[in-house]
Ligand code: CIR
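Residue numbers (the numbering used here): 23 to 279.
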């Protein structure tokens with residue numbers, strides 16, 4: 023447990039039914055169910071010992087629950103992103119405000135675009151997905167901001183999914199969970215990796231907490247494989263947020279004081 027670890031979260035907006043969708047067809051989202059699922063998610067963060075910073079609901083910003091996309095917070099600095107979806111840019115000021123007591127947030131300038139879901143931090147290496155949301159200029163500006171602190175940025179082209187972290191996520195310091203169909207796994211050759219079950223392409227997004235890994239209950243074969251590797255899982259029903267193309271990393275920004 024670490025009392026010095028924070029998690030920024032935001033309730034599900036009542037307008038989530040109008041969320042951005044890129045690779046999924048629109049399906050009815052049950053707002054109350056989405057909110058109940060999100061409450062359990064935030065409870066898990068609290069149980070892990072993280073201090074919650076709960077932003078106000080942004081009723082008219084459909085995707086505002088997916089705070090991950092709005093900021094990259096490292097030990098030394100925070101960067102407010104410039105999301106590729108214009109509808110998401112009004113989410114930024116409240117996140118920047120919440121970060122002010124901890125970091126002086128830097129920003130990215132047009133024509134850069136970058137979503138937090140495209141940034142996978144593995145120690146001092148930041149893998150950045152080149153996606154429909156994040157462009158090369160976003161990657162370049164991020165690299166310029168973090169280089170003075172000893173971080174290296176590695177661009178990773180992705181295809182078939184929304185964000186880099188739809189295709190790969192960190193489940194332990196030297197271990198990633200990956201969908202090899204959506205990126206070139208050679209980019210992660212310096213790490214151990216576990217592939218998602220071939221019939222569960224959306225299973226590569228997991229969120230490691232202090233003593234457990236948050237993982238959607240929709241992917242039983244991948245979950246079984248993770249358990250076989252001795253990894254502790256906390257299974258969550260994320261069905262409603264998944265219809266908005268969200269998953270477990272998207273709903274929080276976790277950082278140390
Ligand atoms: C969007 O398309 O922006 C939202 N509907 C989903 C964002 C999910 N965020 C994430 O994976 N980091």
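Beta carbons are placed, not taken as given, at the ideal position from N, Cα and C, and that holds for glycine.
Does DSSP put residue i in a helix, in a strand, or in coil?
{"i": "residue 156", "result": "coil"}
{"i": "residue 187", "result": "helix"}
{"i": "residue 70", "result": "coil"}
{"i": "residue 63", "result": "helix"}
{"i": "residue 35", "result": "coil"}
{"i": "residue 179", "result": "strand"}
{"i": "residue 238", "result": "strand"}
{"i": "residue 134", "result": "coil"}
{"i": "residue 108", "result": "helix"}
{"i": "residue 81", "result": "coil"}
{"i": "residue 120", "result": "helix"}
{"i": "residue 258", "result": "strand"}
{"i": "residue 264", "result": "helix"}
{"i": "residue 247", "result": "helix"}
{"i": "residue 283", "result": "Here the chain has residues from 23 to 279 only, and residue 283 is not among them."}
{"i": "residue 230", "result": "strand"}
{"i": "residue 165", "result": "helix"}
{"i": "residue 2", "result": "A question about residue 2 goes unanswered here, because the residues of the chain that appear run from 23 up to 279."}
{"i": "residue 171", "result": "helix"}
{"i": "residue 207", "result": "helix"}
{"i": "residue 40", "result": "helix"}
{"i": "residue 89", "result": "helix"}
{"i": "residue 252", "result": "coil"}
With DSSP as the reference, please indicate the residues paired to residue i in a beta bridge.
{"i": "residue 144", "result": "147"}
{"i": "residue 76", "result": "31"}
{"i": "residue 218", "result": "Beta-bridge pairing links residue 218 to no other residue."}
{"i": "residue 199", "result": "191, 216"}
{"i": "residue 129", "result": "102"}
{"i": "residue 95", "result": "100"}
{"i": "residue 277", "result": "28"}
Within 10 angstroms of the Cβ of residue i, are there 16 or more other Cβ atoms? Answer buried if so, exposed if not.
{"i": "residue 23", "result": "Model confidence at residue 23 stands at a pLDDT of 44, short of 50, so the residue's coordinates are unreliable; what they give is reported in the following sentence. Its Cβ having fewer than 16 others within 10 Å, residue 23 is exposed."}
{"i": "residue 151", "result": "buried"}
{"i": "residue 104", "result": "buried"}
{"i": "residue 163", "result": "buried"}
{"i": "residue 191", "result": "buried"}
{"i": "residue 265", "result": "buried"}
{"i": "residue 189", "result": "buried"}
{"i": "residue 84", "result": "buried"}
{"i": "residue 108", "result": "exposed"}
{"i": "residue 50", "result": "exposed"}
{"i": "residue 142", "result": "buried"}
{"i": "residue 65", "result": "exposed"}
{"i": "residue 60", "result": "buried"}
{"i": "residue 46", "result": "exposed"}
{"i": "residue 122", "result": "exposed"}
{"i": "residue 26", "result": "exposed"}
{"i": "residue 171", "result": "exposed"}
So residue i and residue j are supposed to be a Cβ contact under 8 Å. How far apart are they, rounded?
{"i": "residue 237", "j": "residue 228", "result": "5 Å"}
{"i": "residue 63", "j": "residue 28", "result": "Incorrect: roughly 16 Å between the Cβ atoms, too far for contact."}
{"i": "residue 187", "j": "residue 145", "result": "Incorrect: roughly 16 Å between the Cβ atoms, too far for contact."}
{"i": "residue 80", "j": "residue 35", "result": "6 Å"}
{"i": "residue 30", "j": "residue 275", "result": "4 Å"}
{"i": "residue 82", "j": "residue 106", "result": "Not quite, the Cβ-Cβ distance comes to about 20 Å (not below 8 Å), so this is no contact."}
{"i": "residue 219", "j": "residue 244", "result": "5 Å"}
{"i": "residue 44", "j": "residue 114", "result": "Incorrect: roughly 20 Å between the Cβ atoms, too far for contact."}
Distance cut 5 Å, beta-carbon to the ligand CIR heavy atom: residue list by chain order:
Here the residues close to the ligand CIR, judged by CB distance below 5 Å to any of its heavy atoms, are 41, 42, 85, 88, 90, 91, 139, 185, 266, 267, 268, 272 in chain order.
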